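Reviewing the structure listed below.
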């Protein structure tokens with residue numbers, strides 16, 4: 003669902019500008035919080051948190067270019083920002099899938115559910131209960147865990163699609179900003195030839 007900006011409609015241009023300002027502001031806040039969160043990750047030998055923090059800071063700077071581009075009507079800055087959002091949507095998609103894979107492997111369906119059910123199930127010594135309730139609960143836990151995994155993957159997919167749609171909307175707005183300049187330049191060139 004991309005935002006289209008009509009060339010002749012002043013209201014849609016104003017709405018488009020507000021949308022781009024909100025998108026740039028949200029990107030700034032998101033990247034700042036990501037960089038801040040990376041500094042609270044415990045130290046590790048591979049330094050993945052430091053690399054992620056550097057990426058988030060670079061993304062913060064590029065997102066600020068987008069904000070400056072919209073506030074100062076600078077199409078070049080908006081081009082950089084929209085291209086960054088496209089690239090980030092792709093990179094973030096794969097990075098988020100890797101994080102989900104790590105989480106899924108940590109909560110391996112059968113082992114996680116079996117351990118959870120056994121910790122919750124304490125049969126009374128005087129009664130001899132069958133293990134059927136435990137088996138049914140273990141099965142439902144596995145089904146619920148699988149549903150959460152599928153929902154998480156769909157959420158990652160939707161987040162990346164939304165980011166790509168925002169990049170497209172920014173690119174369309176940039177084209178709207180640069181089009182009058184191109185038309186004026188063509189009119190001046192034609193009038194000079196005549």
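In my numbering, the protein residues as written are 3 to 196.
Even for Gly, the Cβ is constructed at its ideal location relative to N, Cα and C.
For clarity, every value in this text was computed on a predicted model and none was experimentally measured.
Under 7 angstroms between the Cβ atoms of residue 78 and residue 26? Looking up residue 78 in the chain shown gives position 76. Looking up residue 26 in the chain shown gives position 24. Cβ atoms of residue 78 and residue 26: not closer than 7 angstroms.
Please name the residue in 103, 181, 175 and 176 whose C-alpha comes closest to that of residue 148. Here the question's residue 148 lines up with position 146 in the chain shown. Residue 148 has its Cα closest to that of 103, out of 103, 181, 175 and 176.
Short check: CB of residue 176 to CB of residue 81, under 7 angstroms? Position 174 of the chain shown, counted from the first residue, corresponds to residue 176. Position 79 of the chain shown, counted from the first residue, corresponds to residue 81. Taking 7 angstroms as the Cβ cut-off, residue 176 and residue 81 qualify as a contacting pair.
Length of the line joining the Cα atoms of residue 45 and residue 150: Here residue 45 is taken as the residue at index 43 of the chain shown, counted from 1. Here residue 150 is taken as the residue at index 148 of the chain shown, counted from 1. Taking the straight line joining both Cα atoms gives about 30 angstroms.
Considering only the alpha carbon of each residue, which of 100, 178 and 35 lies closest to residue 159? Looking up residue 159 in the chain shown gives position 157. It is 100 whose Cα lies nearest to the Cα of residue 159.
When you compare the CB positions of residue 165 and residue 91, do they come within less than 7 angstroms of one another, or not? Translated into positions along the chain shown, residue 165 becomes position 163. Translated into positions along the chain shown, residue 91 becomes position 89. For residue 165 and residue 91, yes; Cβs fall inside 7 angstroms.
Quick one, which of 38, 29 and 40 has its alpha-carbon nearest residue 84's? One-based indexing of the chain shown puts residue 84 at position 82. The shortest C-alpha separation from residue 84 is found at 29.
Can residue 23 and residue 64 be called in contact, C-beta distance under 7 angstroms? Stepping through the chain shown from its first residue, residue 23 is reached at position 21. Stepping through the chain shown from its first residue, residue 64 is reached at position 62. With respect to residue 64, residue 23 sits apart: the two C-beta atoms are not nearer than 7 angstroms.
Compare the C-alpha of residue 96 against each of 170, 163, 143 and 35 and name the closest. For the purposes of this step, residue 96 is taken as residue 94 along the chain shown, with counting starting at 1. Among 170, 163, 143 and 35, the Cα nearest to that of residue 96 belongs to 163.
DSSP state of residue 178 mapped onto helix, strand, coil: What you label residue 178 is simply residue 176 of the chain shown in a count that begins at 1. The answer is helix: DSSP assigns residue 178 an H, G or I state.
Quick check: residue 55 and residue 37, are their CB atoms within less than 7 angstroms of each other? The residue you call residue 55 lines up with position 53 of the chain shown. The residue you call residue 37 lines up with position 35 of the chain shown. Yes, Cβ-Cβ distance for residue 55 and residue 37 is below 7 angstroms.
Is DSSP giving residue 32 helix, strand or coil here? Residue 32 sits at position 30 when you count from the first residue of the chain shown. The answer is helix: DSSP assigns residue 32 an H, G or I state.
Assuming residue 87 and residue 168 are in contact, meaning their beta carbons sit under 8 angstroms apart, how far apart are those beta carbons, in whole angstroms? Taking the chain shown and counting its residues from 1, the one referred to as residue 87 is at position 85. Taking the chain shown and counting its residues from 1, the one referred to as residue 168 is at position 166. Between residue 168 and residue 87 the Cβ distance is about 6 angstroms, and since that is below 8 angstroms, they are a contact.
Limits of the unbroken alpha helix (DSSP H) element including residue 68: As a first step, residue 68 is located in the chain shown; it is residue number 66 there, counting from the start. It spans 50-73 - the alpha helix (DSSP H) in which residue 68 sits, taken as one unbroken run.
Buried or exposed for residue 93, going by 16 or more other Cβ atoms inside 10 Å? Taking the first residue of the chain shown as 1, we reach residue 93 at position 91. So residue 93 counts as exposed.
Cα separation between residue 42 and residue 181? Counting from one through the chain shown, the residue named residue 42 turns up at place 40. Counting from one through the chain shown, the residue named residue 181 turns up at place 179. Taking the straight line from one Cα to the other gives about 45 angstroms.
Residue environment, residue 108, which counts as buried when at least 16 other CB atoms sit within 10 Å: Here the question's residue 108 lines up with position 106 in the chain shown. Under this definition residue 108 is an exposed residue.
Pick helix, strand or coil for residue 45, following the three-state DSSP scheme. Start at 1 with the first residue of the chain shown, and residue 45 comes out as number 43. If DSSP states are grouped into helix, strand and coil, residue 45 belongs with coil.
Quick check: is any heavy atom of the ligand MN less than 6 angstroms from the C-beta of residue 175? For the structure depicted, the ligand MN is absent and the ligand set is empty, with no information on it obtainable.
Can you grab the Cα-Cα spacing for the pair residue 62 / residue 32, in whole Å? Here residue 62 corresponds to residue number 60 of the chain shown, with the count starting at 1. Here residue 32 corresponds to residue number 30 of the chain shown, with the count starting at 1. Straight-line Cα distance between these residues: approximately 8 angstroms.
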